[in-house]
Amino acid sequence: MAQMTMIQAITDAMRLELERDPNVLVFGEDVGKNGGVFRATEGLQQQFGEERVFDTPLAESGIGGLAIGLGLQGYRSVAEIQFFGFVFEMFDSVAAQAARMRYRSGGRYNSPITFRAPFGGGIKGPELHADSLEGLVAQTPGLKVVIPSNPYDAKGLLISAIRDNDPVVFLEHMKLYRSFRGEVPEGEYTIPLGKANVVREGTDVTIITYGAMVHTSLTAAEEIEKEQGVKVEVIDLRTISPIDIETILASVEKTNRAIVVQEAQKSAGIAAEVVAQINEKAILHLEAPVLRVTAPDTVYPFALVEDDWLPDPKRVKAAIQEVLEF
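Okay, here's the thing in structure tokens:
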């Protein structure tokens, strides 16, 4: 298998789907000749032409409306939001229009749209470029929300998203784009949306997480096993809406202790939803309260204090210790 970065795997997924289906279109700000701000679409316009891979004006609301209209005409759009912090400009298209299309039309129409966007901190980006806003879209009925943590998953999940007949918000953590390589099959393959992955087996504590926090959690799990012999199981949600609660419950029933780790602020987010569902469905299996390790409930900070704001392995290890000693 080839060794790819996550950005290369994402490009490969779009290239394969453009080859396979003539109705797939890729568009957004600077995605054509320039290949996108992170070069995710590099070379695609040269290969598939300006009618299938093209630039749009600097207007997120226009990108969203175009994707919806093309979906009604039978096209399958891959629409790039240059940074997810700008989703507010097209939120009406995403949440009030695309997400409701199937219900509103009684099943006559749908919105086969993949809204791709980079997000996430740790790269000292400017304001509104790093915010974790996944909770906003995860609470919207009609949307699937996907966040890969490695190159293999990114390619398989993106192909599944493009082939889905309903809108998918596909969020790509910027810190993971080029931070490491992984084995990725050269041909097409899919990973089902809505299915989590147990990335580390364990018996003492379960960590449920996604995106860049998968790597933070794995570091914490490996360190605490070396230091204390504690065996931590780590679940990568991969899709945060819908959440794969069956995989979570099976793990909690084995370990009896759980922690949810997310990069976003604490209140009303994905971690809160996971904790609520564990309490509803597995409370009799718990030996300790389910804890959250998150960012604080403040505006995303300026770069100078970003490292203090983001969850790190030290805070995850402290939470593991707390549930073990409860």
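Quick note on numbering: UniProt numbering labels position 109 of the sequence shown as 109, and the sequence is numbered without any gaps.
Just so you know, even glycine gets a beta-carbon here, dropped at the ideal spot from N, CA and C.
_For Gly28, three-class secondary structure by DSSP_ = strand
*Out of Phe115, Ser105, Asn110, which has the shortest C-alpha to C-alpha gap to residue 371?*
Limits of the chain in this structure are 1 at one end and 326 at the other, which puts residue 371 out of reach.
_Met14 versus Val26 - alpha carbon distance_ = 8 Å
*Excluding sequence positions up to five away, which residues of its chain have a Cβ less than 8 Å from the Cβ of Ala59?*
Glu89
*To the nearest angstrom, report how far apart Glu80 and Asp308 are at their CA atoms.*
30 Å
_Can you give me the C-alpha to C-alpha distance between Val205 and Leu324, rounded to a whole angstrom?_
8 Å
*First and last residue of the beta strand (DSSP E) that includes Phe48?*
Run containing Phe48: none in the beta strand (DSSP E); it sits in the alpha helix (DSSP H), 44-48.
_Arg100 to Tyr75 span [Cα, whole Å]_ = 18 Å
*Which same chain residues, not among the five before or five after Gly71, have their C-beta less than 6 Å away from its C-beta?*
Ser111, Pro112, Ile113
_According to DSSP, Ser77 sits in a beta bridge with which residue or residues?_
Leu25, Ile113
*Using DSSP bridges, identify the partner residues of Thr206.*
Glu233, Ala258
*asked:* Going by DSSP, what residue range makes up the alpha helix (DSSP H) through His215?
replied: 213-228
*asked:* Considering just the uninterrupted stretch of the beta strand (DSSP E) at Arg292, what are its terminal residues?
replied: 291-295
*Would the C-beta of Thr114 count as close to the ligand ATP, meaning under 7 Å from any of its heavy atoms?*
Only the bare structure without any ligand can be found here, which leaves the ligand ATP out of the picture.
_Classify Ile243: buried if its beta carbon has 16 or more other beta carbons within 10 angstroms, exposed otherwise._
buried
*Ile208: which of Ala303, Ala272, Pro192 sits nearest, CA to CA?*
Ala272
_Where the alpha helix (DSSP H) containing Lys155 begins and where it ends_ = 151-163
*asked:* Distance check for Asn197 and Val169, CA to CA, integer angstroms please.
replied: 19 Å
*Cβ-based burial, Val299 [other Cβ within 10 Å; buried from 16]*: exposed
*Taking the CB atoms as reference points, tell me whether Gly121 and Glu306 lie closer together than 8 Å.*
yes
*Around the C-beta of Arg20, are 16 or more other C-beta atoms found within 10 angstroms, so that it is buried, or is it exposed?*
exposed
*For His285, which three-state DSSP category applies?*
helix
_As a quick exercise: from Ile191, Arg315, Phe54, Thr294, pick the residue whose alpha carbon is nearest that of Ile162._
Ile191
*In or out: Asp297 buried (at least 16 other Cβ within 10 Å) or exposed?*
exposed
*Quick one: residues in its chain with C-beta nearer than 7 Å to the C-beta of Ile7, no 5 flanking neighbours on either side, listed in chain order?*
Phe38, Arg39, Ala40, Tyr177, Arg178
*Three-state secondary structure (DSSP) at Leu176?*
helix
*Just the Cα atoms here: how many angstroms apart are His285 and Glu51?*
56 Å
*Going by C-alpha distance, which of Arg102, Lys195, Gly194, Arg315 is nearest Ala295?*
Arg315
*Select from Ile320, Pro151, Ala303 the residue whose C-alpha is nearest the C-alpha of Gln228.*
Ile320
_Collapsed DSSP secondary structure at Arg104 in the structure displayed_ = helix
*Evaluate Phe48 with the Cβ neighbour count: other Cβ atoms within 10 Å of its Cβ, from every protein chain shown; 16 or more gives buried, anything less gives exposed.*
buried
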